[in-house]
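Number of protein chains: 2
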Amino acid sequence: MRDPMLECLKAGGKKLTKPRMAILKILRESPLPITAAEVHERLKKAHCAADLVTVYRNLAMLQELGLIEPVGFHEGQTRYEVRHGRRHHHHIQCRGCGRIADLMLCPLNKLTELVERRTRFTVDSHALEFFGWCPECH
Amino acid sequence: MRDPMLECLKAGGKKLTKPRMAILKILRESPLPITAAEVHERLKKAHCAADLVTVYRNLAMLQELGLIEPVGFHEGQTRYEVRHGRRHHHHIQCRGCGRIADLMLCPLNKLTELVERRTRFTVDSHALEFFGWCPECH
DNA sequence: TGGTAAATGCAAATCGCTTGCAACTATTCT
DNA sequence: AGAATAGTTGCAAGCGATTTGCATTTACCA
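Protein chains in written order, with the numbering used here: chain A, 263 to 400; chain B, 263 to 400.
As structure tokens, this is what we get:
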């Protein structure tokens, strides 16, 4: 097999069903975080249509296994992005057209320690998104 | 008058109604970001009950005027926090009990320029939240 | 004080997401 | 290969957060 994501699924006692494989493929092919509705839409286009409920259930499961990560932009819906094999990074979204771009940087490695010292929390993860205007929108 | 928030409302052609003033008071008295439902609840307790719809409409309006700011923790609901007169800062939320704490720091002043150079977006704002475990939860 | 634009409350609608359940299907065990 | 079974799926219904339509009320400027 030799596919770390599939191996992780097996290790978790998950079955490699047709809808699941199609959903995973779509997630892996998307360079940017996508919503459940978008996954569902792309399934249709790829003639592997699965129910939207199935999409939600698989997204939840993949997130639990740590294979995908939620990304939020205050849009009223959650986007997801594959984690495996991709470097930790953040995003910027255009306030005009909603376009999202990857931001291959993270200034927080050093800061985490400071946050832990100040708050006495154990920091587990963080979310960082930028908002602004893309070249086309202004 | 001499209240910058009220002045901003007037400048926007907004009326200073009773429900609105009560909502504003609650937001200003909350040291941490709160949800629409929480505002609504506290209105009741303060015997200034207003409809939940009114709360939502006012939150949307205050956000448009830039007087309050949304804060998201992937909770399925949006929290809001007064901006005026408070220093720019971020938050950390406990994955166990949901408790939120202020984090009076922002490592992004310098970074914004780099982001703009790299993406060609004009950066307008950013959101940064930390997640972890508070002392009580572990 | 009256006129008017804005705001409110109520009911109903919408949206993103979750749950219950009966019908399937990938895997595992003979 | 075939049966047993645990995990999955689709459909219908449910749910919580937020929005919309509309008739009624209210702040506030002339």
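For each residue, glycine too, the CB sits at the ideal point set by N, CA and C.
Would residue 385/A pass as an interface residue toward chain B - the criterion being a Cβ-Cβ separation below 8 Å? It does: the Cβ of residue 385/A has a partner Cβ on chain B nearer than 8 Å.
Do residue 389/B and residue 391/A come within 8 Å of each other at the CB atom, strictly closer than that value? A contact, by the Cβ cut-off of 8 Å.
What three-state label does DSSP hand residue 340/B in the structure shown? Note: residue 340/B maps to coil in three-state DSSP.
Could you tell me how far apart the beta carbons of residue 267/A and residue 346/A are, in whole angstroms, since I believe they sit closer than 8 Å? Beta-carbon to beta-carbon, residue 267/A and residue 346/A are separated by about 5 Å, close enough to satisfy the 8 Å threshold.
Is there at least one Cβ from chain A nearer than 8 Å to residue 391/B's Cβ? For residue 391/B, the answer is yes, since a Cβ of chain A falls inside 8 Å of its Cβ.
Around the C-beta of residue 315/B, are 16 or more other C-beta atoms found within 10 angstroms, so that it is buried, or is it exposed? Of the other Cβ atoms in all chains shown, fewer than 16 fall within 10 Å of the Cβ of residue 315/B; this residue is therefore exposed.
Does chain B have any CB closer than 8 Å to the CB of residue 357/A? Yes, because at least one Cβ of chain B sits closer than 8 Å to the Cβ of residue 357/A.
Just mark residue 245/B as buried or exposed, buried being the case when its beta carbon has 16 or more other beta carbons within 10 Å. With chain B represented from 263 up to 400, any question about residue 245/B goes unanswered, as that position is not in the structure.
Could you name the residues of the same chain whose beta carbon sits closer than 6 Å to that of residue 276/B, not counting the 5 residues immediately before and after it, in chain order? Here the set comprises nothing.
Would you report the Cα separation of residue 265/B and residue 322/B, rounded to the nearest angstrom? The straight-line gap from Cα to Cα measures roughly 20 Å.
Are residue 332/A and residue 318/A touching if we call contact CB-CB under 8 Å? Result no, Cβ atoms of residue 332/A and residue 318/A do not sit closer than 8 Å.
For residue 394/A, go through chain B and note every residue whose CB falls closer than 7 Å to its CB, in chain order. Residue 394/A reaches chain B at 383, 384, 385 and 386, counting residues in chain order whose Cβ is nearer than 7 Å.
Looking at the C-beta of residue 363/B, does it have a partner C-beta in chain A at a distance below 8 Å? Interface residue, yes.
8 Å Cβ cutoff met for residue 356/A and residue 399/A: Contact flag set, yes.
Local Cβ density within 10 Å of residue 334/B, reported as buried at 16 or more and exposed below that: Label assigned to residue 334/B: buried.
Out of curiosity, what's the CA-to-CA distance linking residue 320/A and residue 384/B? When rounded, the separation of the alpha-carbon atoms in residue 320/A and residue 384/B is 36 Å.
Residue 302/A, enclosing alpha helix (DSSP H) - first and last residue: Counted as a single uninterrupted DSSP element, the alpha helix (DSSP H) harbouring residue 302/A occupies residues 298-307.
Taking 8 Å as the threshold (beta carbon to beta carbon), is residue 369/B in contact with chain A? At least one chain A Cβ lies under 8 Å of residue 369/B.
Excluding sequence positions up to five away, which residues of its chain have a Cβ less than 6 Å from the Cβ of residue 304/A? 288.
With 8 Å as the limit, tell me which residues of the stretch 300-328 of chain A have their beta carbon closer than that to any beta carbon of chain B; keep them in chain order. Listed by position along the chain: nothing, the set is empty.
Below 7 Å on C-beta distance, what does residue 334/B contact in chain A? What residue 334/B touches in chain A: 334 and 336.
In whole angstroms, what separates the C-alpha of residue 313/A from that of residue 302/A? So the alpha carbons of these two residues sit roughly 7 Å apart.
Residue 378/B versus 387/A, 353/A, 359/A and 386/A, residue with shortest Cα-Cα distance: Closest by alpha carbon: 353/A.
State yes or no: is the beta carbon of residue 340/B nearer than 8 Å to at least one beta carbon in chain A? With 8 Å as the cut-off, residue 340/B counts as an interface residue toward chain A.
Does DSSP classify residue 331/A as helix, strand or coil? DSSP, read as helix, strand or coil, puts residue 331/A in strand.
Just how far apart, CA to CA, sit residue 308/B and residue 290/B? Approximately 14 Å, taken between the alpha carbons.
My assumption, with CB atoms under 8 Å, is that residue 338/A sits in contact with residue 386/B. Please give the rounded CB distance. Incorrect: roughly 19 Å between the Cβ atoms, too far for contact.
Below-8 Å beta-carbon distance, residue 400/A vs any chain B residue: Chain B contact via Cβ: present.
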